[in-house]
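A.B. asks:
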Amino acid sequence: MSRPLLATCLVASLVPPAAAEAADPPKQLVIISFDGAHDNALWLKSREMAAKNGAHFTYFLSCTFLMNEAAKKAYQAPHQKPGKSNVGFARSDDEIRERLGNIWHAHLEGHDIASHACGHFDGRLWSEADWFAEYATFHATLKNAWKSVGLDEPADWQDLVDHGIKGFRAPYLSATAGADMIAAEKKAGFTYDASLVTKGPAMPVEEDGILRFGLPLIPEGPSEKPIIGMDYNLFVRHSKGEEDRADSKEFEDRSYAAFSQAFDRQYNGNRIPLQLGFHFVEMNGGAYWRALDRLVSDVCHRADVACVSYSEAIPMIQARGKLQQASGL
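All letters in the sequence shown, in the order written, are residues -22 to -1, 1 to 307 by mature numbering (1 follows the signal peptide of the UniProt record, and there is no 0).
#1: Hey, residue 240 and residue 5: beta-carbon distance below 8 angstroms or not?
#2: Please report the straight-line C-alpha distance between residue 196 and residue 156, rounded to a whole angstrom.
#3: Take residue 41 and list the residues in its own chain whose beta-carbon comes closer than 6 angstroms to its own, dropping the five residues that flank it on each side.
#4: So, helix, strand or coil for residue 218, using DSSP?
#5: Quick test of your reading: residue 85 and residue 287, contact by CB under 8 angstroms. State the CB separation rounded to the nearest angstrom.
#6: Bridge partners for residue 11 per DSSP, in chain order?
#7: So, helix, strand or coil for residue 186, using DSSP?
#8: Does chain B have any CB closer than 8 angstroms to the CB of residue 229?
#9: Starting from the C-beta of residue 250, find all residues in its chain whose C-beta is less than 7 angstroms away, skip the five residues before and the five after it, and write them out in chain order.
#10: Under 8 angstroms between the Cβ atoms of residue 106 and residue 162?
#11: Residues in the same chain with beta-carbon distance under 6 angstroms from residue 229, minus the five sequence neighbours each way, listed in chain order, please.
#12: Output the boundary residues of the beta strand (DSSP E) element that contains residue 295.
#13: What is the rounded straight-line gap between the Cα of residue 69 and the Cα of residue 128?
#14: With H, G and I counted as helix, E and B as strand and the rest as coil, what does DSSP make of residue 149?
#15: Near residue -2, what residues of its chain come up, given a Cβ to Cβ distance below 7 angstroms and the 5 sequence neighbours on each side ignored?
#16: Go ahead and pull the three-state DSSP assignment for residue -2.
#17: Take residue 136 and list the residues in its own chain whose beta-carbon comes closer than 8 angstroms to its own, dropping the five residues that flank it on each side.
#18: With 16 other CB atoms within 10 Å as the buried threshold, where does residue 279 fall?
#19: Helix, strand or coil: which one does DSSP assign to residue 66?
#20: For residue 203, which three-state DSSP category applies?
#21: Just checking my contact of residue 10 with residue 174 at CB under 8 angstroms: how many whole Å lie between their CB atoms?
#22: What residue range does the alpha helix (DSSP H) around residue 224 cover?
#23: Beta-carbon within less than 7 angstroms of residue 275's beta-carbon, same chain only, minus the 5 sequence neighbours each way: which residues are those?
#24: Where do the N-terminal and C-terminal ends of the alpha helix (DSSP H) with residue 266 fall, by residue?
#25: Taking Cβ to Cβ, would you say residue 153 is nearer than 8 angstroms to residue 75?
#26: Within a Cβ cutoff of 8 angstroms, which residues of the same chain sit near residue 22, ignoring the five residues on either side of it in sequence?
#27: May I have the straight-line CA-CA distance separating residue 2 from residue 29, to the nearest angstrom?
#28: What would DSSP say about residue 169, mapped onto helix, strand or coil?
#29: Kindly indicate the opening and closing residues of the alpha helix (DSSP H) around residue 72.
#30: Is residue 149 near residue 100, with beta carbons less than 8 angstroms apart?
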């Protein structure tokens, strides 16, 4: 072997594996979340979808769905009358028992249980104290949820409630202007917020110790007009918010095309995490859940893709060293 060739081989053998892999692109993260997290049939459906495809989801739970009739009378959101909720309450103790089982098993399966507050009110004018009061109600409701329906709670339930619920999404994606909501989130022990809307897929930003994520605007439909990557927004665009089962397949195909094209742009580009939001309501005959199922089935099995919860995504994003401080949010 010639000396130049020998030297080249020695240099190559001494390059550490981390350096050799430094040029590899990061995994494409796909972060799927559900707001409300109430319908027990859709708890099962989403968990089965995730298990089939090696995915983890984030469930932003509205706590009124763990309130029975007695708790309903005692609940009072900021600036609201007692017993009021924009999304209703649980219809029976048996429904709550089943829902608690779904929440607990989802947690054991690696999904992220997060907060969507309680009564789904628009908090854009709320103070720090208002937000903290709603967060405190959420926490207290979950602390006592099993006992309230006569069940023995799992051994680690209190640890989940006290230490495992790290994220929040504001109802209607409507956050208080200024720092009040963020200050209340910090006081309540949250570490991330997913209430923003961004012009396209974007890295989270850090604001006063809270990581802030945003659902992106993505091109959709024949004109590729941007829309928030969320099922409700598609529902309003496609059928003006009125149920239209006759055109369900068309809406499914349009949504799947929008989701998959948004994925491809990042997968073949800068690999910014793609966030998509859904509800526990199968709008337009389930068009948007079917589109989601197709996307998850298509991409989550790939070796260089990770379909993860927000909590799982955070250390993966931090490892990329691209977090920015918020400015002007």
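Glycine included, C-beta positions come from ideal geometry on N, C-alpha and C.
C.D. replies: The structure says:
#1: no
#2: 26 angstroms
#3: 96, 116, 119
#4: Coil.
#5: That pair is no contact at about 11 angstroms.
#6: 36, 255
#7: Residue state, collapsed to three classes: coil.
#8: Checking the listed chains, one finds no chain B in this structure; it contains a single protein chain.
#9: 179, 180, 181, 244
#10: Remark: C-beta atoms of residue 106 and residue 162 approach each other more closely than 8 angstroms.
#11: 216, 262, 265
#12: That residue, residue 295, is in no beta strand (DSSP E); its alpha helix (DSSP H) goes 288 to 298.
#13: Approximately 16 angstroms, taken between the alpha carbons.
#14: helix
#15: Because residue -2 sits at a pLDDT of 45, beneath the cut-off of 50, its placement in the model cannot be relied upon, and the following sentence gives the value as read from the coordinates. Same-chain partners within the cutoff: there are none.
#16: In this predicted model, residue -2 has a pLDDT of only 45, less than 50, meaning its place in the structure is not dependable enough to derive any value.
#17: 121
#18: exposed
#19: DSSP places residue 66 in coil when its eight states are reduced to three.
#20: The DSSP-derived three-state label of residue 203 is strand.
#21: Incorrect: roughly 17 angstroms between the Cβ atoms, too far for contact.
#22: No alpha helix (DSSP H) holds residue 224; DSSP gives it neither H nor E.
#23: Closer than 7 angstroms at the Cβ level, and outside the excluded window around residue 275, lie 31.
#24: 265 to 277
#25: no
#26: Around residue 22: 80.
#27: 28 angstroms
#28: coil
#29: 71 to 86
#30: Cβ atoms of residue 149 and residue 100: closer than 8 angstroms.
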